[in-house]
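The next block holds one structure in the form of C-alpha cells; read it before the comments.
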Amino acid sequence: MSRSRSPSPARSKAGWSTPSLTSLASQSDTSSPNSGISTPSSVGSSGISWETARAKSDETEKLESEGFYLDKDDVGRGKYKGSSRRLGRQPLGFLRKLLRRRTLRVLTTLLILGTIGLLFFWTSVADSYRRSLLGGGPKFVVIVGSNTEGGVMALKGAREWSIERNSIWNKQQYAKRWGYELEVVNMMAQKRYSHEWREGWEKADLIRNAMDKYPDAEWFWWLDLNTWIMESSYSLQDHIFSRLDAISYTDISTYNPANIGPPPFSYPPVKKPAADLILSQDCGGFNLGSFFIRRSAWAGRLLDVWWDPVVYEQKHTEWEHNEQDALEYLYEKHPWIRNGVAFLPQRFINSFPPGACGDGEDPKIHYQEDDHDFVVNMAGCQFDRDCLSEMKRFSGQGTQPPSSEALYE
C-alpha cells in the first residue's frame, strides 16, 4: 500500500528539538541535505544545558510545594499557603478573631456602663450644685402649712389625709429637684394667749420660726396645703427672681380689686434693690395662698406687727379673710409697709381653678393648661367644692404622684 504522506521522523531519546538547546543544521559539518530533524546537544547556543533547565524546573516545583508563594483570598488579601505553615497559622487566626470579638464586646459593655454611670454622676453633680451656694438652692425654703396632728375646726378623715399626703409629696419632689429646703409646719391652733386661738394667723409666727431654723436662707415661699405645683421644671430663680423687676409691679393702682386707698401720709421714696414681700391679688384682693418673703429687718418688723394680737383683737369681726384682710389694712395705713411690697400677676404663682373667682373664664386669674401655669391654688375648695377631686384632676395634668388611685383612697 502506498502512503499518502511522508512518515514522521523518529523521536530521539533526547526528545524533540528545541531551538535553544539544538544547533542549527547550517552550522553542522555534514553536507547531507536537511531532513528537518536536528540532533540535540548537551549545551545550547545560550550556554544552558538540558540538565540545567530541568534542575531549574524541579527547583520551582519544590518551592511551590513548600508554600513559599501567595494566593489571594476572596477580598484580595494574600495569605500564606502551605501544609506546615497553614497548620501553624490557623489557630492563631482563630485566636485573633476571638480576641477581636471579645474586645468589641468589652468595649461595648464599658461604653454602656460608662453612659449609665455618667448619667448618675451628672445627676449627682447637678443635685450637689443646686444645693450649693453657687446653685442658689440654700437661698430658698418652701414652707407648707399642714395639720399633721389632726384637724383644728373638724376631725380629719381619709380624704383630708389623702389631700395632705399628696400635697406634701408634690412639694417634696419640687424642693428635691432644685435643692431647696422644705419645711412642713403644723397649723394646729397656737395659743399665745389663753383666751384666743387663730388658725391661719400663725403664718407670721411660723415664718419667723423658719427664718430662725434656716439662718442662711434668703427667701421663704409659703404654700397652702390646697396648692399643687404644676410645672416642676420651673426653678424659682428662672421663673421669678431672675426677671423680678420686669414681671412685678409696686403701684397698687395697676390692679386694685379691693379698692385700697392711698395712705394718709407717705414717706419719701426709698430706692431698694428688690421688694421684701412678693404676692399676688385675686378677684377679692390680696391672696396669701402662695407668696414670698425675704429675710430682712423690714420683714421682721412686718411679722411682729402682723402677729400682734392687739391688731387682731381690734378688727377680727370685720376681717372675713383673717390674715389677708389684716395685711391689706397694714398695707393701706402704713406707708413703710407699702414701700416693701411687690405684686406679681396672679397666674405666675397662684392660678385659680374654675369655681374660684368665677367659672374659669378670666385669663388673668384662672389656670391655663396650654400656657403651663406654675402653681394652682384650689382656694375655697372646702366650700361647696370637692378639694380631693380637684387635686386629682390637676395632679393628672402636672407632676403626678408615684401611684395613681391608691394615694387618693
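One rule links them: number in our numbering = place in the sequence shown (from 1) + 20. Virtual Cβ for every residue (Gly too), placed ideally from N, Cα, C.
query: Cβ pair residue 430, residue 365 closer than 9 angstroms; result: No statement about residue 430 is possible, as the shown extent of the chain runs from 21 to 429 and does not include it.
query: Close-in-space but distant-in-sequence residues of the same chain around residue 407 (CB under 7 angstroms, 5 per side omitted); result: 183, 246, 398 and 401
query: Residue 250 at chain B interface by Cβ criterion, 9 angstroms; result: Among the chains of the structure shown, chain B does not appear; only one protein chain is present.
query: Burial state of residue 302 (16 or more Cβ within 10 Å); result: buried
query: Euclidean distance between Cα positions of residue 326 and residue 241; result: 17 angstroms
query: Assigned exposure category for residue 414 - 16 Cβ within 10 Å defines buried; result: buried
query: For residue 414, the three-state DSSP class (helix, strand or coil); result: helix
query: Reduced DSSP secondary structure (H/G/I, E/B, other) of residue 409; result: helix
query: Beta carbon of residue 372 nearer than 9 angstroms to that of residue 298; result: no
query: Residues that DSSP places opposite residue 300 in a beta bridge; result: 307
query: Backbone CA spacing between residue 108 and residue 130 [nearest angstrom]; result: Low per-residue confidence applies at residue 108: pLDDT is 49, beneath 50, and the placement is therefore not dependable, though the value from the model is reported in the following sentence. For residue 108 and residue 130, the distance between alpha carbons rounds to 34 angstroms.
query: Residue 372 - containing alpha helix (DSSP H), residue span; result: Looking at the DSSP string, residue 372 is not in any alpha helix (DSSP H), and its letter there is neither H nor E.
query: Cβ-based neighbour list, residue 323, same chain, cut-off 6 angstroms, excluding 5 preceding and 5 following; result: 224 and 228
query: Start-to-end residues for the alpha helix (DSSP H) that takes in residue 348; result: 343-353
query: Counted within 10 angstroms of its Cβ, other Cβ atoms place residue 127 as buried (16 or more) or exposed; result: exposed
query: Residue 190 - containing alpha helix (DSSP H), residue span; result: 178-198
query: Contacting residues, own chain, Cβ-Cβ under 6 angstroms from residue 315 (five flanking each side not counted); result: 231 and 238
query: C-alpha distance - residue 254 paired with residue 266, whole-angstrom precision; result: 17 angstroms
query: Endpoints, alpha helix (DSSP H) assigned at residue 323; result: 317-327
query: Cut-off 7 angstroms between Cβ atoms - residues of its own chain near residue 387, not counting five sequence neighbours on either side; result: 371, 372, 373, 393 and 396
query: Backbone secondary structure at residue 227 - three-state DSSP; result: helix
query: Chain-order list of residues whose beta-carbon lies under 8 angstroms from that of residue 271 (same chain, five-residue window excluded); result: none
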